[in-house]
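A.B. asks: What follows is a single structure, and I will ask about it in a moment.
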Amino acid sequence: MRVLLIEPYFGGSHQAWAEGVAGHSRHQIDLLTLPARFWKWRMHGGAVTLAEAFRQSGLRPEVLLASDMLNLPAFLGLARPFLGRVAVALYCHENQLTYPLRPGERRDLAYGVINWLSMLAADHVFFNSAYHLEEWFDELPRLLEHFPDYTHLGCVPEVRSKATVLPVGCDLDRLDAARVGARESDVPLVLWNQRWEYDKSPEVFFRALDAAAEEGLEFEVALAGTNVRQKADEFEAARERLGKRVVHYGWADAGTYARLLWQADVVVSTAIHEFFGISVVEAIYCGCFPILPRRLAYPEVVPLTHHECCLYEDLGGLLERLRWALTHLAQARQKARELRSAVERYGWNVIGSQYDAALCDLRSRAAPDDLSGDGSC
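With the numbering used here, letter number 157 in the sequence shown gets 176, and the count goes up by one each step, no holes.
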């Protein structure tokens, strides 16, 4: 079966997802992409450029899998003469309806509308977590009620009925290949491996570290993750306060990042926005004890048996779990070993077959006599 995967924002986690699907499918996956920049323009104009590239490619897919950064109805309208009766799926990494705003920022509803129209145009909609799916459909009526008439609220149940969860895969084999031995230091290492952005609430993380330091608890900290800002004031200030406790600061190449994952003892998230959590899955797989908010997608990642020890409600709960992990390191490491098996299900060697099955099912529900290719699944 031939699948066309369209990613207008081919970089970071979106690129990893597209390459993961292509690299772990038994089907032929053709990628149609644009560079990862100017995301707003990608959502408005990317469909025009990609449709032109598709028309020139000569590709005749049986299934089209597009990311949520694509204006799907625009692409289909421009490319339909070359598509035939292709089965169409939309994959939602995030959405532009519930993404948290910076203080003083107003939401531009145009991007949420693009997501909505793309869902209407698709035969099936995949979300990367149950949390993401439920949050979208909870907020969607409020978006539609903004408009003066013909709000299409009656279409919501139909779209909801064709939406399911299909997690992002993680390249756990790569982490296994890069495994390193334990650190020489006996001091617990706390890892930050999320983006250096406001939606990850790093200031809350640093408040917890400051409190732990004031209590005289022993720990070191690695501040990794992606930073696209010219100046990250809260990180710079924390680096100065924590001094020699900071053993890594800034972006890490693949080898350094893998070493930090394997050698860290604790990973902390303070996010206010997370639809899946690849960086947390990677850290848990490599043996980090996770301390995570009891919200967002994290309760799906961590099994119910470990919710109480790993998930917190507020800053006090975060500090309580951090204090316990730093002072009961052997027990924290044992719980981390227990959790490793829980996240193995997100490895591409497992997830890849789920994508194949989902895409085959989608194709089988289309009109096979009108589709190109040999029809094999």
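Note that beta-carbon positions come from the ideal geometry of N, C-alpha and C, so glycine has one too.
Small disclaimer: the values here were computed from a predicted structure and weren't measured.
1) Roughly how many whole angstroms lie between the Cα atoms of S220 and D252?
2) Let's test the definition: count the other Cβ atoms within 10 Å of the Cβ of P160 and tell me whether it reaches 16, buried, or not, exposed.
3) Reducing DSSP to helix, strand and coil, say where W367 ends up.
4) With a threshold of 16 other CB atoms inside 10 Å of the CB of Q115, please say whether the residue is buried or exposed.
5) Rounded to whole angstroms, how far is the Cβ of P186 from the Cβ of I25, which I believe are closer than 8 Å?
6) Measure the alpha-carbon distance for V240 versus T324 and round it to whole angstroms.
7) Around the C-beta of Q213, are 16 or more other C-beta atoms found within 10 angstroms, so that it is buried, or is it exposed?
8) For A243 versus L208, is the C-beta distance shorter than 9 Å?
9) For G296, which option in L120, Y317, T245 has the closest C-alpha, if you only look at C-alpha atoms?
10) Alpha carbon to alpha carbon, how far is P167 from E363? Give it in angstroms, no decimals.
11) Rounding to the nearest angstrom, what Cα-Cα distance links D389 and P80 in this structure?
12) If you reduce the DSSP assignment to three classes, tell me which class Q282 lands in.
13) Closest to L139 by C-alpha separation, out of H165, E158, P176, R56, would be which residue?
14) Would the region 23-38 and the region 84-99 be scored as touching if the rule is three or more Cβ pairs under 8 Å?
15) Assuming the contact rule is C-beta atoms closer than 8 Å, L95 and L51 should be a hit. Round their C-beta distance to whole Å, please.
16) Would you kindly report the start and end of the unbroken beta strand (DSSP E) that includes E26?
17) On a CA-only basis, which of F156, I48, P122 is nearest N134? Give me that one, please.
18) Our contact map puts A66 next to N90 with C-beta atoms below 8 Å; I'd like the distance itself, whole angstroms only.
19) Could you check the C-alpha separation between M20 and W367 for me, to the nearest Å?
20) I'd like to confirm the pairing. Which residues does DSSP put opposite W211 in its beta bridges?
21) Residue range of the alpha helix (DSSP H) that H63 falls in?
22) The alpha helix (DSSP H) with P54 in it runs from where to where?
C.D. replies: With the given structure in hand:
1) 13 Å
2) exposed
3) Secondary structure at W367: helix, using DSSP grouped into helix, strand and coil.
4) buried
5) With 8 Å as the limit, P186 and I25 do not qualify as a contact, their Cβ atoms being about 20 Å apart.
6) 27 Å
7) buried
8) no
9) When the alpha-carbon of G296 is set against those of L120, Y317, T245, the nearest one is in Y317.
10) 48 Å
11) Because D389 sits at a pLDDT of 49, beneath the cut-off of 50, its placement in the model cannot be relied upon, and the following sentence gives the value as read from the coordinates. If you take the alpha carbons of D389 and P80, they lie about 12 Å apart.
12) helix
13) P176
14) Enough Cβ pairs lie closer than 8 Å, so yes.
15) The pair is not a contact, with the Cβ atoms about 13 Å apart (cut-off 8 Å).
16) Bounds of the beta strand (DSSP E) holding E26 are 21-29.
17) F156
18) With a Cβ gap of about 4 Å, A66 and N90 count as contacting.
19) M20 and W367: Cα-Cα distance of roughly 19 Å.
20) L242
21) 58-76
22) First-last for P54: 47-54, but that is the beta strand (DSSP E), not the alpha helix (DSSP H).
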